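Input: a single structure, listed below in structure tokens.
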Amino acid sequence: MRGCIKFYEKCLGGKIEAMMTHGQSPTVQQVSPEWRNKIIHARMTVGGTVLMGSDALSDRYQEPQGFSLSVGVKDGAEAERVFQELEQSGKVQMPPQKTF
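Per the working numbering, the very first residue in the sequence shown carries number 202; after that it's consecutive.
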């Protein structure tokens, strides 16, 4: 999760406002030692939008089946920059283009 949220911070021009590990939380005693460096809460703002995430404990983890990400920007150069960064680790279903 740490690498993922830092990637989106760089790519989307966001700002990480908080990132807490299980080891830093009040529930540290309820988590196995190998999970204490995993993220329990991350908060990032991108413009006026808040994104939050965390690592999933093994008993709650489900392998992702994929997801779609739509990003709206007003500037064409910024759209191209964001697209090229996301394209490196993702699968493009629709390249940047004007839509209705």
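Backbone N, C-alpha and C fix where the C-beta goes; we use that ideal spot for every residue, glycine too. Everything numeric in this text was worked out from a predicted model, so none of it was measured.
Inset, instruction - Give the secondary structure of R237 by DSSP, where H, G and I count as helix, E and B as strand, and everything else as coil. - result: Coil at R237, not helix or strand.
Inset, instruction - Ignore the nearest five residues each way along the sequence and tell me which others in P297's own chain have a CB closer than 7 Å to its CB. - result: Taken in chain order, the residues that qualify are A280, E281 and F284.
Legend entry - Nearest neighbour of V247, chosen from Y209, L287 and Q294 [CA to CA]: The closest CA to that of V247, considering only Y209, L287 and Q294, is found on Y209.
Legend entry - Per-residue DSSP class, three states only, for G204: G204 falls in the helix class under three-state DSSP.
Legend entry - Nearest neighbour of M202, chosen from R244, V274 and M295 [CA to CA]: It is R244.
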